[in-house]
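A.B. asks: Questions regarding the structure given below will be posed in turn.
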Amino acid sequence: MSEKPSIRILIVEDEPAHVEMICLHLERAGNMDIQLAANMENCLEAIASSPPDIILVDLHLPDGGAIELLSKIDGKVPIITMTSRGSEEQAVEVLKSGAQDYLTKSPETFAAMPRTVERAVREWQLQRDIEQANEKVRAQKSLVEALLQNTATPIFVVDPQHRVLIWNKACTELTGVKAADVVGTDRHWSAFYAQKRPCLIDVVLEGSPPELLTEWYPHHSRSESLEESLQAEGWRTGRAGEPVYLTFNAALVRDTDGTVIAAIETLQDITARKKMEDDLVASREALTRQHEKLDHLFKQVEQAKQEWEATLDCMSDIIILVDKKGMVMRSNRALDELVNAPFTDIHGHPWHELLAIPQGAEDLAQVRSQEFFHQPTRRWFLLSMYPVTELESKGTAGQVITLNDRTEIKQMTAKLEQANRELKQAHVQQLQSEKMASIGQLAAGVAHEINNPIGFVTSNLGSLEKYVAKLNEFITFLSSDFMDNLDPEQREQVALRRKQLKIDLVLEDINDLLAESRDGVERVGKIVRDLKGFSRVDEAEHKMAHVEECLESAINIAWNEIKYKATLTRDFAELPAILCYPGQLNQVFVNMLVNAAQAIDDQGTIDVATWQEGDHVLIRITDSGCGISEENCKRIFDPFFTTKEVGKGTGLGLSITYDIIKKHQGEIHVTSREGEGTRFTIKLPAQRVEST
Numbered sequence: 003m004s005e006k007p008s009i010r011i012l013i014v015e016d017e018p019a020h021v022e023m024i025c026l027h028l029e030r031a032g033n034m035d036i037q038l039a040a041n042m043e044n045c046l047e048a049i050a051s052s053p054p055d056i057i058l059v060d061l062h063l064p065d066g067g068a069i070e071l072l073s074k075i076d077g078k079v080p081i082i083t084m085t086s087r088g089s090e091e092q093a094v095e096v097l098k099s100g101a102q103d104y105l106t107k108s109p110e111t112f113a114a115m116p117r118t119v120e121r122a123v124r125e126w127q128l129q130r131d132i133e134q135a136n137e138k139v140r141a142q143k144s145l146v147e148a149l150l151q152n153t154a155t156p157i158f159v160v161d162p163q164h165r166v167l168i169w170n171k172a173c174t175e176l177t178g179v180k181a182a183d184v185v186g187t188d189r190h191w192s193a194f195y196a197q198k199r200p201c202l203i204d205v206v207l208e209g210s211p212p213e214l215l216t217e218w219y220p221h222h223s224r225s226e227s228l229e230e231s232l233q234a235e236g237w238r239t240g241r242a243g244e245p246v247y248l249t250f251n252a253a254l255v256r257d258t259d260g261t262v263i264a265a266i267e268t269l270q271d272i273t274a275r276k277k278m279e280d281d282l283v284a285s286r287e288a289l290t291r292q293h294e295k296l297d298h299l300f301k302q303v304e305q306a307k308q309e310w311e312a313t314l315d316c317m318s319d320i321i322i323l324v325d326k327k328g329m330v331m332r333s334n335r336a337l338d339e340l341v342n343a344p345f346t347d348i349h350g351h352p353w354h355e356l357l358a359i360p361q362g363a364e365d366l367a368q369v370r371s372q373e374f375f376h377q378p379t380r381r382w383f384l385l386s387m388y389p390v391t392e393l394e395s396k397g398t399a400g401q402v403i404t405l406n407d408r409t410e411i412k413q414m415t416a417k418l419e420q421a422n423r424e425l426k427q428a429h430v431q432q433l434q435s436e437k438m439a440s441i442g443q444l445a446a447g448v449a450h451e452i453n454n455p456i457g458f459v460t461s462n463l464g465s466l467e468k469y470v471a472k473l474n475e476f477i478t479f480l481s482s483d484f485m486d487n488l489d490p491e492q493r494e495q496v497a498l499r500r501k502q503l504k505i506d507l508v509l510e511d512i513n514d515l516l517a518e519s520r521d522g523v524e525r526v527g528k529i530v531r532d533l534k535g536f537s538r539v540d541e542a543e544h545k546m547a548h549v550e551e552c553l554e555s556a557i558n559i560a561w562n563e564i565k566y567k568a569t570l571t572r573d574f575a576e577l578p579a580i581l582c583y584p585g586q587l588n589q590v591f592v593n594m595l596v597n598a599a600q601a602i603d604d605q606g607t608i609d610v611a612t613w614q615e616g617d618h619v620l621i622r623i624t625d626s627g628c629g630i631s632e633e634n635c636k637r638i639f640d641p642f643f644t645t646k647e648v649g650k651g652t653g654l655g656l657s658i659t660y661d662i663i664k665k666h667q668g669e670i671h672v673t674s675r676e677g678e679g680t681r682f683t684i685k686l687p688a689q690r691v692e693s694t
């Protein structure tokens, strides 16, 4: 495989960091010859000394920029402009000014710079080749028209609709009819006849029956040198009204496919031959010379055809002409390179076999444009088909097939789609984070509101206990000292009343009720504290915290999900505080505890354990639930993946859990068997250096 030719690149950039990044990626390509210029003055000196193959220039430099450079070099060298902050309007202005490409500086742009440069140089060279080819075709056309216009022989040309295309000066000299009066019309007959009737050129175009041809031109014959042509002679009225004897030669002009594209007629005044026999030989020689000129003209047309074929060979797009059966008739060099075979081996073969289209997929021919994957070269192509029609039968004679390489576009599209998916995922995760923050703020507000009534209830319970103690003391006093001063009947009435009111039972039970009430208030207070700790509204930054406290808080929050379905056991080791985001760890533990409870159908167990290994703290949450299949274990941390029923899960809980653990520079692992339960193990660093 031959080495790629070296590309000489001039980089005009005043930012050293950008220069370094661009050079780094270009040098990796191995075929880049790099020259640097820090300003516009150095750039112009470098171009004057040795013009590069391409220029990479900053849009704005201290002494100029890309727009100024484009105006100075006038398209002699392709230019790619670069800018740190671009806009659509700016891009349009730069590209209109003649730039080959417009790039916004970024690591992705720098990484793709070798391909960008190679593509720009290739496109610029192809553009120049096409312009040169078009110039040659225009020159050939101008030459043909100049030859026809300036030849001494009267010549005019009509299209298949009998409209005059060319009416040369000699024709005007002979007939007195100006080109402006007939070009674009079908009034060429007016130069020879008083009333409209077919000229010889019309007869050739229409293929009139012999009897009409004889009526119109008594002296006619088929040309001996040109097929599908007629020659005739006869008297006509000359420019000054005098009789002249003219010869007419008319012939069809066909393109390379055999389609009639025009008809040409030459005129010759041979009046002198009629008057003088000795002029007959000279007139015949003039006619012969005229035929030679026509031959020369046809050769020029053939040359133009060959040059057009050479132009097609310069194109990177593949162009194939096939017949009705799909056999290759003509193709450009790009097809030879694709199938790695000369045209002699390609001609006459089915086109779909050459392109390795699978058997049965030939129905691509029924679609005007279709993308397909070329397996041998691993490239994507846009295949387009255009029917070629025969003029006489107006049926399809074949097809022109073009293939445009879309590999780079497909790859870029795939990258954009991936970026779009990642953006959507990030957006949903952001919404989930905002949702959790809102829930946290709500929880903090609720906790704050509950704290106030709990405070005065706790205070009132304390006061009530003191009052009950005093009442108990007072009743005891009455029962002992006061009762001794009563007569027996009064003591009996007091004792009866005390029994009816169950004062002894009330005094015995009221202390138990107060103790239970205080315990309940303390439990509510603990739940409120855990709820406030779970919200962590005031802990936006990381801080030192104990994992077991986060776990206890999460257990209290998730207890309503757990208590009816599982028995929870704790095995907490004595661990050091770690540097973390407590609120985020609370979210992780609540997600995992709720998932564990939901995995248990009837009754089961949930075990929570912690321990330390070296510089890491480990947390293990085990449930006896339904378990996870091996296939799903590989996907449970993927965003939006869930095994729950529709409407019962978003598929984001474990994905967010995974992201939070990674944010803490930790690890999370899962082991599970269907029907036996699941175990999640989290590993966090005891000390963590904050990531930048």
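Residue numbering for the sequence shown follows the numbering used here, beginning at 3 and increasing consecutively.
By construction, the Cβ of each residue, glycine as well, lies at the ideal position given by its N, Cα and C atoms.
The model shown is predicted, which means the values in this text are computed figures rather than measured ones.
#1: If you follow the beta strand (DSSP E) that residue 354 is in, where does it begin and where does it stop?
#2: Quick one: grab the DSSP three-state call for residue 222.
#3: With residue 191 as the anchor, note down where its beta strand (DSSP E) starts and where it stops.
#4: Tell me the DSSP secondary structure of residue 153 in three-state form.
#5: Beta strand (DSSP E) containing residue 679: first to last residue?
#6: Let me confirm a value: residue 237 is counted as buried when at least 16 other C-beta atoms fall within 10 Å, else exposed. Which label applies?
#7: What's the call for residue 492, buried or exposed, on a 16-neighbour Cβ count within 10 Å?
#8: Is the CB-CB distance between residue 613 and residue 556 below 8 Å?
#9: Helix, strand or coil: how does DSSP classify residue 383 here?
#10: Just to confirm before moving on: does the CB-CB distance between residue 672 and residue 635 stay below 8 Å?
#11: Across the region 150–162 and the region 263–279, are there enough close Cβ pairs to call them in contact, namely three or more that are closer than 8 Å?
#12: Less than 8 Å between the beta carbons of residue 68 and residue 49, yes or no?
#13: With a floor of 3 residues, list each beta strand (DSSP E) that falls wholly inside the region 76–118, ordered by position along the chain.
#14: Specify the secondary structure class of residue 520 as computed by DSSP and reduced to three states.
#15: Tell me, please, which residues DSSP counts as bridged to residue 247.
#16: Using the Cα positions of residue 408 and residue 380, report the straight-line distance between them to the nearest angstrom.
#17: May I have the straight-line CA-CA distance separating residue 123 from residue 209, to the nearest angstrom?
#18: Cutting at 6 Å between CB atoms, please list the residues of its own chain near residue 685, excluding the five before and the five after it.
#19: Quick one: residues in its chain with C-beta nearer than 7 Å to the C-beta of residue 27, no 5 flanking neighbours on either side, listed in chain order?
#20: Per the contact definition of three or more C-beta pairs closer than 8 Å, is the region 122–138 in contact with the region 304–321?
#21: Would you say residue 512 and residue 568 are within 8 Å of each other, going by their C-beta atoms?
#22: Quick one: what does DSSP say residue 505 is sitting in, helix, strand or coil?
#23: Hey, out of 263, 275, 259 and 507, whose CA is closest to residue 390's CA?
#24: Keeping to the same chain, check which residues put their C-beta closer than 8 Å to that of residue 163; ignore five residues upstream and five downstream.
#25: If you run the structure through DSSP and keep just helix, strand and coil, what is residue 476?
#26: Return the chain-ordered list of same chain residues with a C-beta closer than 6 Å to the C-beta of residue 384, the five sequence neighbours on each side being excluded.
#27: Whole angstroms is fine: what's the gap from residue 253's alpha carbon to residue 232's?
#28: Tell whether a beta-carbon distance below 8 Å holds between residue 579 and residue 547.
#29: In whole angstroms, what is the alpha-carbon distance linking residue 71 and residue 42?
#30: Bridge partners for residue 334 per DSSP, in chain order?
#31: So residue 274 is in the beta strand (DSSP E); what residue range does that whole segment cover?
#32: Can you tell me whether residue 12 is buried or exposed, with buried defined as 16 or more other CB within 10 angstroms of its CB?
#33: Report yes if the CB atom of residue 234 is closer than 8 Å to the CB atom of residue 214, and no otherwise.
#34: Taking one C-beta from the region 161–180 and one from the region 334–347 each time, how about it: are there three or more such pairs within less than 8 Å?
C.D. replies: In terms of the structure at hand:
#1: If you number the sequence shown from 1, residue 354 lands on position 352. First-last for residue 354: 353–356, but that is the alpha helix (DSSP H), not the beta strand (DSSP E).
#2: Counting from one through the sequence shown, the residue named residue 222 turns up at place 220. For residue 222, the secondary structure class from DSSP, reduced to helix, strand or coil, is strand.
#3: As a first step, residue 191 is located in the sequence shown; it is residue number 189 there, counting from the start. First-last for residue 191: undefined, no H or E at that position.
#4: Residue mapping note: residue 153 aligns to position 151 of the sequence shown, counting from 1. Note: residue 153 maps to coil in three-state DSSP.
#5: For the purposes of this step, residue 679 is taken as residue 677 along the sequence shown, with counting starting at 1. First-last of the beta strand (DSSP E) with residue 679: 679–687.
#6: Sequence index remark: in the sequence shown, residue 237 carries index 235 (1-based). Exposed is the call here.
#7: Within the sequence shown, residue 492 is the residue found at index 490, counting from 1. Residue 492 is exposed by the Cβ-count criterion.
#8: Here residue 613 is taken as the residue at index 611 of the sequence shown, counted from 1. Here residue 556 is taken as the residue at index 554 of the sequence shown, counted from 1. Going by C-beta atoms, residue 613 is not nearer than 8 Å to residue 556.
#9: For this step, residue 383 is matched to residue 381 along the sequence shown. The answer is strand: DSSP assigns residue 383 an E or B state.
#10: Taking the first residue of the sequence shown as position 1, residue 672 is located at position 670. Taking the first residue of the sequence shown as position 1, residue 635 is located at position 633. By the CB criterion at 8 Å, residue 672 and residue 635 fall inside the cutoff.
#11: A contact exists between the region 150–162 and the region 263–279.
#12: One-based indexing of the sequence shown puts residue 68 at position 66. One-based indexing of the sequence shown puts residue 49 at position 47. No.
#13: Counting only runs of 3 or more residues that sit fully inside the region 76–118, the beta strand (DSSP E) segments are 81–85 and 103–106, in chain order.
#14: Within the sequence shown, numbered from 1, the residue matching residue 520 stands at position 518. Looking at residue 520 - three-state DSSP - the assignment turns out to be helix.
#15: Looking up residue 247 in the sequence shown gives position 245. According to DSSP, residue 247 bridges with 237.
#16: Within the sequence shown, residue 408 is the residue found at index 406, counting from 1. Within the sequence shown, residue 380 is the residue found at index 378, counting from 1. Approximately 11 Å between the Cα atoms of the pair.
#17: In the sequence shown, the residue the question calls residue 123 occupies position 121. In the sequence shown, the residue the question calls residue 209 occupies position 207. Going by the C-alpha atoms only, they are around 53 Å apart.
#18: Walking along the sequence shown from the start, residue 685 turns up at place 683. So the qualifying residues of the chain are 618, 620, 668 and 669.
#19: Residue numbering aside, residue 27 sits at position 25 when the sequence shown is read from its first letter. Cβ within range, chain order: 112, 113, 115 and 116.
#20: Contact holds: three or more Cβ-Cβ distances are below 8 Å.
#21: Translated into the one-based positions of the sequence shown, residue 512 becomes position 510. Translated into the one-based positions of the sequence shown, residue 568 becomes position 566. No, they are not a contact pair.
#22: Looking up residue 505 in the sequence shown gives position 503. The DSSP-derived three-state label of residue 505 is helix.
#23: Along the sequence shown, read from residue 1 onward, the residue named residue 390 stands at position 388. For residue 390, the nearest C-alpha among the options comes from 259.
#24: To locate residue 163, count along the sequence shown from 1; it is residue 161. Cβ neighbours of residue 163 beyond the five flanking positions: 188.
#25: In the sequence shown, counting from the first residue as 1, residue 476 sits at position 474. Looking at residue 476 - three-state DSSP - the assignment turns out to be helix.
#26: The residue labelled residue 384 in the question sits at position 382 within the sequence shown. Taken in chain order, the residues that qualify are 373, 406 and 408.
#27: The residue labelled residue 253 in the question sits at position 251 within the sequence shown. The residue labelled residue 232 in the question sits at position 230 within the sequence shown. Cα to Cα, the separation comes out at about 6 Å.
#28: Sequence index remark: in the sequence shown, residue 579 carries index 577 (1-based). Sequence index remark: in the sequence shown, residue 547 carries index 545 (1-based). The Cβ atoms of residue 579 and residue 547 lie closer than 8 Å to each other.
#29: By one-based count along the sequence shown, residue 71 stands at place 69. By one-based count along the sequence shown, residue 42 stands at place 40. Approximately 8 Å, taken between the alpha carbons.
#30: As a first step, residue 334 is located in the sequence shown; it is residue number 332 there, counting from the start. Answer is none; residue 334 lacks a bridge partner.
#31: Residue numbering aside, residue 274 sits at position 272 when the sequence shown is read from its first letter. Residue range 273–277 is occupied by the alpha helix (DSSP H) that includes residue 274, with no beta strand (DSSP E) assigned at that position.
#32: Here residue 12 refers to the residue found at position 10 of the sequence shown. Buried, because 16 or more other Cβ atoms sit within 10 Å of the Cβ of residue 12.
#33: Walking along the sequence shown from the start, residue 234 turns up at place 232. Walking along the sequence shown from the start, residue 214 turns up at place 212. Against a cut-off of 8 Å, the Cβ pair of residue 214 and residue 234 comes out as no contact.
#34: The region 161–180 vs the region 334–347: no contact.
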